[in-house]
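Going by my numbering, 292 is the number at position 295 of the sequence shown; the sequence numbering is gapless. Every residue, glycine too, gets a C-beta built ideally from N, C-alpha and C. Reviewing the structure listed below.
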Amino acid sequence: MDKHWNLNSIYKSFHSDDFLRDISNLDKEILDLKTFGEKNFSFNPIDTIEEYLVLSNTLSNRLYRLMSFCSLSLAVDTSNKDAINFMDIFRKKSNETVAPFTKFRKWCEKINDLDSLSEKSALIKSHLFYLKEMRDSAKHLLSPETEDIISSLQRTGSSAFSSLQNQLTSNLSVFFNYNGKNEELSLSQARNMYFDKDKDKREKIYHAEIDSYKTVEIPSSACLNAIKGEVITLSKRRGFTSPLEMTLEDNRMDIETLNSLLDSMRSSLPMFRKYYKRKAQIIRGKDKIPYYDIAAPVGEVDISFTYEEAADYIVKAELAFSEEISNFMKSAFDNCWLDVEPRKGKRGGAFCSTIHAIGESRILANFNGSFDNMITLAHELGHAYHGRVLKDESILNSDYTMPLAETASIFSETVVMDYSLKNLSGDNLFTILENDISGAATVIVDIYSRYLFETYLFEERNNSILSPERLNELMVKAQIEAYGDCLDENYFHPYMWINKPHYYYPNSNFYNFPYAFGLLFAKGLYSLYKNNPSGFLEKYKSILRLTGRETVYNVGLSAEIDLHNRKFFDDSISMISDSIERFLTMK
Ligand SMILES: [Zn+2]
């Protein structure tokens, strides 16, 4: 089986006829769009909106396909000159679409009868959510001149601080002295050691990591104060009551859904504390767990896969849920949608990219044969299936937000994990089960601490500048609330606010609760399936189909799930508590 992907169905090459033809098509379409932008829109609203939708859908598909070809080529060969050059060209071409699109958006703000217009046009009707969202979000826009000043100043304000913070952490050295050997590590190398089997190493790296943050705490706190200060100013000016309200609107999520999620998470904390206490017992014979043991591996696994074996395993595991999905994944492997061989010049990690115009995806991974890596493939294939389900939707109706983005990927992981837990035994079962719980515990407990921290941060930043000491205090306060009495009070992690880049993204705040929502939404769906398998697949597909053109709450409602009621989230949590109960009785 080929470990390299095949991009032929996107384009043959950067010099092939199909690629060059698409560039000239794109130029023609940009010209059409500019002509459209010069028209008087009010003359015939239905024609105007329809023309916009057709132009925008066609252009987005074309541009996305061309840019994907560049970014995928770059992902496996970071020095690919053609890809770099063309990417730059396409970015410039994409800029040319901004003015006509903005003019249309501004005009759209004044259309109050979208509902009645949609009765006269099937195309408008099918894009009603998209159009209304565009119209309503325009209400938060300031005048074009002010928006222009804001975006210019952000380049030297929040964006500049964000890249400064990125430079600070990516150049940070962690000085690690172990077994008489001195090493200078990058932050990510240091953080990776929290997964090391050697418990002394974990303890030592913790102290070294904390020491390294002290050298950048002043500039980091300046970055954080600047970015969050700007967010507060802008969210007020745009008419939001808080940065949280702005974030929820961006995520198409309402406060009732967030509150029922948080209620359910809070109730689950005592159960996770029981798990952490047991973990502390197993690792060090103590009642409380230090921060550096939270992600530590427990036990040994002697399972490894060749790439072919991993593919067979996933296809077989998915078969237990759905033949259709299993076949889809098999064809992704057979048609070389995956690039899994680690090699020089290829980027790290894993991702899935869907090219909507052809209804296909490509998956990048760096497969090393571990069980975790096999699960990563299942995760990315879940994303690819999501892309397949959205194939028949227009590209404008396929843009989903963070909370729903991980539905299909975590669902797919859950299917494979459930299959594995049924088929494993002994030490392998114990280790894999613990590993699965550990992942979920981070997404619930640690994410909750990050949500609390960000809430406190915004509250205080409203009236003052926070010193590094104050940020440390707030982080520890959040950790105590989330971890309670299971975390060893001598080993909190006060500097997590420097470690997590999410706090420094100027345009996405509270980039924490969407992870918890994603996990519990996918697990909740799996629990619905377990309780009532018949007809579930159709329900699941219709949920995925709606992710790009409905609010989070309405996506739930389409499958008779009331997300304002915490029961749904409680059922997801109970899947995790079943695993914890099992873990507690095992050793
Ligand atoms: Zn994912």
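Checking the DSSP bridge columns, you'll see Ile286 partnered with Leu484. For Ile577, the enclosing alpha helix (DSSP H) begins and ends at 564 to 583. Per the Cβ contact rule, the stretch 571 to 582 is in contact with the stretch 432 to 441 (3 or more Cβ pairs under 8 Å).
Short of 8 Å from the beta carbon of Thr55, and not among the five residues preceding or following it, lie these beta carbons of its own chain, in chain order: Glu26. Pairing Leu231 with Ile147, the inter-Cα distance amounts to about 9 Å. Thr544: not part of any alpha helix (DSSP H); DSSP gives it neither H nor E.
If only complete runs of 3 or more residues are kept, the stretch 73 to 141 shows no beta strand (DSSP E) anywhere. Relative to the non-hydrogen atoms of ligand 1, the Cβ of Glu403 comes within a distance shorter than 7 Å of at least one.
Pairing Asp85 with Arg235, the inter-Cα distance amounts to about 32 Å.
As DSSP reads the structure, Lys343 sits in no beta bridge.
Taking the Cα of Ala402 as reference, the smallest distance to any Cα among Ala375, Phe514, Tyr480, Phe33 is reached at Phe514. Measuring C-alpha to C-alpha distances from Ile407 to each of Pro498, Ser569, Tyr502 identifies Ser569 as the nearest. If only uninterrupted alpha helix (DSSP H) runs of at least 4 residues are considered, those enclosed by the stretch 415 to 496 are 423 to 438, 444 to 458, 465 to 480, 493 to 496. When secondary structure is reduced to three states using DSSP, Thr351 falls in the strand class. Taking C-beta atoms under 8 Å as the contact rule, Asn504 and Pro400 fail to qualify, at a distance of about 16 Å. The distance from the Cβ of Tyr488 to that of Tyr49 is about 57 Å, inconsistent with a contact at the 8 Å cut-off.
DSSP places Glu297 outside any alpha helix (DSSP H), giving it a letter other than H or E. Counting only residues of its own chain and dropping the five nearest sequence neighbours on each side, Lys313 has a CB closer than 8 Å to the CB of Ser323, Tyr416. Burial is judged here by how many other beta carbons sit within 10 angstroms of a residue's own beta carbon; Ala479 has at least 16 and is buried. In the structure shown, Asp24 falls within a helical segment according to DSSP collapsed to helix, strand and coil.
Secondary structure note for Arg263: its alpha helix (DSSP H) is the uninterrupted segment 252 to 281. Beta-bridge partners of Glu181 (DSSP): Phe172.
Straight across, the Cα-Cα distance linking Arg88 with Cys483 is about 50 Å. At least one heavy atom of ligand 1 lies closer than 7 Å to the C-beta of His376.
For a cut-off of 8 Å, the C-beta gap from Lys343 to Val73 is around 5 Å, short enough to register as a contact. Note: Glu403 is not bridge-paired with any residue in the DSSP secondary-structure output. Classified as buried, Ala519 has 16 or more neighbouring CB atoms from the shown chains inside 10 Å of its CB.
Here Lys201 is near Tyr175, since their CB atoms are less than 8 Å apart. In the structure shown, Glu214 falls within a helical segment according to DSSP collapsed to helix, strand and coil.
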